[in-house]
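Down below is the structure, laid out as structure tokens.
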Amino acid sequence: MAPLSNKRAYAQGASTEAKKAKVADPIVEKVDLVTKTISQLECQLQSSHKEMLLQAIPHVLPVPSDERHEYQTQVAQMMQKVLTDYVAYWEQQVSESKANIGMSSQKAEDAMKVVEASAAKIEEQNEEVTKCKSAVHDNSEATKAAEEALQCASKEVAEFDEKLQETIAQKDKCSSIYNESFVVLKNGGSDAKEVTRLLNQVQPMLKKLSTESSLLSAITPAFKKPLADRGPFDIMAIEGAEGIFTKHLEGLQEQIDKADVTKADKLSTETASQDTLKEAKEKYTASEDALKAAEEVLASLEAKHLELLVACNAASEASNTAEAVVATKEASHKDVQLAFGAFTELFERQSSTPESAADVNIVEDKLEAVCESRPCVAVA
Numbered sequence: 478m479a480p481l482s483n484k485r486a487y488a489q490g491a492s493t494e495a496k497k498a499k500v501a502d503p504i505v506e507k508v509d510l511v512t513k514t515i516s517q518l519e520c521q522l523q524s525s526h527k528e529m530l531l532q533a534i535p536h537v538l539p540v541p542s543d544e545r546h547e548y549q550t551q552v553a554q555m556m557q558k559v560l561t562d563y564v565a566y567w568e569q570q571v572s573e574s575k576a577n578i579g580m581s582s583q584k585a586e587d588a589m590k591v592v593e594a595s596a597a598k599i600e601e602q603n604e605e606v607t608k609c610k611s612a613v614h615d616n617s618e619a620t621k622a623a624e625e626a627l628q629c630a631s632k633e634v635a636e637f638d639e640k641l642q643e644t645i646a647q648k649d650k651c652s653s654i655y656n657e658s659f660v661v662l663k664n665g666g667s668d669a670k671e672v673t674r675l676l677n678q679v680q681p682m683l684k685k686l687s688t689e690s691s692l693l694s695a696i697t698p699a700f701k702k703p704l705a706d707r708g709p710f711d712i713m714a715i716e717g718a719e720g721i722f723t724k725h726l727e728g729l730q731e732q733i734d735k736a737d738v739t740k741a742d743k744l745s746t747e748t749a750s751q752d753t754l755k756e757a758k759e760k761y762t763a764s765e766d767a768l769k770a771a772e773e774v775l776a777s778l779e780a781k782h783l784e785l786l787v788a789c790n791a792a793s794e795a796s797n798t799a800e801a802v803v804a805t806k807e808a809s810h811k812d813v814q815l816a817f818g819a820f821t822e823l824f825e826r827q828s829s830t831p832e833s834a835a836d837v838n839i840v841e842d843k844l845e846a847v848c849e850s851r852p853c854v855a856v857a
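Per this note's numbering, the very first residue in the sequence shown carries number 478; after that it's consecutive.
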């Protein structure tokens with residue numbers, strides 16, 4: 478192997494005089510790529526070890542394998558180990574990230590299913606709230622109806638005795654007019670003046686009892702005729718009027734006779750109305766409580782739904798991020814593989830053909846520029 482002195486000596490602080498623009502050299506580019514790759518933070522080495530390798534790269538890799546000193550070969554092998562491990566590191570990173578994509582995607586899918594289930598529960602609960610509102614409305618109307626029925630029943634009970642007295646008074650008045658006026662007119666024998674007076678008592682009562690106008694018109698001339706002069710039509714008119722009196726008096730008497738029973742029925746109705754109102758109020762209160770509970774459940778579901786949406790969005794973002802991370806790591810893995818390929822080419826390169834003086838100068842000039850920016854490492 479040719480000694481290192483066969484190459485131009487690289488010394489820190491060498492001349493930095495301006496040089497002509499030179500054609501890009503693949504060896505220098507590959508050396509730069511390896512240097513850049515090992516310099517990366519992800520390439521985990523002790524600082525002193527990494528610095529030693531970085532300083533040695535310009536003095537080792539440009540030298541063909543068949544010309545390297547044993548120490549240079551050992552250093553190159555160290556670089557090979559570092560890059561091999563670095564490629565394996567990124568392979569593991571890509572593998573783990575791809576596995577994470579599957580988990581993240583599954584989490585996002587599961588989160589979406591949970592959100593959909595939550596939305597379905599909210600829809601069901603909305604229907605429950607609507608049913609509860611309808612029940613509250615119906616029970617409110619039932620309560621109002623029960624209150625009105627109770628008011629009516631209580632009023633009838635409260636006014637019953639007074640109305641009973643009014644019925645008794647109506648019966649007495651009607652009975653008095655019937656006995657003292659109608660019967661006298663029916664039996665005849667009164668003078669014209671008396672007949673007129675009695676008719677003034679009978680006609681308003683018959684009119685009040687909704688007697689037909691034709692009947693009212695017929696009884697006046699009938700009562701004015703002497704008993705012996707009355708014809709069949711007159712008698713029929715008088716009997717018709719008498720039937721009205723009799724029916725009305727019987728109805729009034731029946732009401733009076735059944736007063737106790739009627740009052741008891743009204744009291745019973747009032748009690749039943751009170752019970753109905755109580756039950757209606759209880760149902761109304763229960764329906765209000767049910768509505769409040771349903772609305773609270775709905776509010777809780779909606780609040781939980783918002784949390785689930787946030788979690789779903791986070792899971793979706795995590796899934797998207799995981800895909801981006803894989804793409805980034807795959808790119809880094811590819812870059813490291815390219816660097817490892819470049820290193821392998823330099824590591825295995827031999828001086829199979831003599832380099833032209835121009836080519837040698839190009840390589841040496843570029844490596845000299847690299848060395849100017851790094852401290853020189855003594856190579857045995």
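For each residue, glycine too, the CB sits at the ideal point set by N, CA and C. The model shown is predicted, which means the values in this text are computed figures rather than measured ones.
- The beta strand (DSSP E) runs of length 3 or more contained entirely in the stretch 652-703 do not exist; there are none.
- The beta carbon of ALA788 lies closer than 7 Å to those of ALA588 in the same chain, with the five residues before and after it left out.
- Just so you know, the alpha carbons of GLN551 and VAL537 end up roughly 10 Å apart.
- For LYS527, the enclosing alpha helix (DSSP H) stretches over residues 524-537.
- For the options VAL511, GLN523 and GLN517, the alpha carbon positioned closest to that of PRO535 is the one of VAL511.
- A buried status is given to VAL813, since no fewer than 16 other beta-carbon atoms sit within 10 Å of its beta-carbon.
- Here DSSP, grouped into helix, strand and coil, assigns CYS520 to coil.
- When C-alpha distances from GLY818 are compared across GLU779, VAL564 and ASP502, the shortest belongs to VAL564.
- Rounded to the nearest whole angstrom, the CA to CA distance from LEU768 to ILE599 is 15 Å.
- Around LEU531, the same chain offers THR512, ILE515, SER516 and ARG851 as residues with beta carbons nearer than 8 Å, after the five sequence neighbours per side are excluded.
- Check the Cα spacing between PHE659 and each of GLU822, ILE504 and LYS701: the tightest is with LYS701.
- The alpha-carbon of LYS685 is positioned some 35 Å away from that of ALA622.
- The alpha carbon of GLN628 has as its nearest neighbour, out of ALA749, LEU785, GLU807 and GLU779, the alpha carbon of ALA749.
- GLN827 carries a coil assignment under DSSP once its states are collapsed to helix, strand and coil.
- In this structure, TRP567 sits near LYS806, with a CB-CB distance shorter than 8 Å.
- Taking the Cα of THR607 as reference, the smallest distance to any Cα among SER745, GLU800, ALA771 and TYR548 is reached at ALA771.
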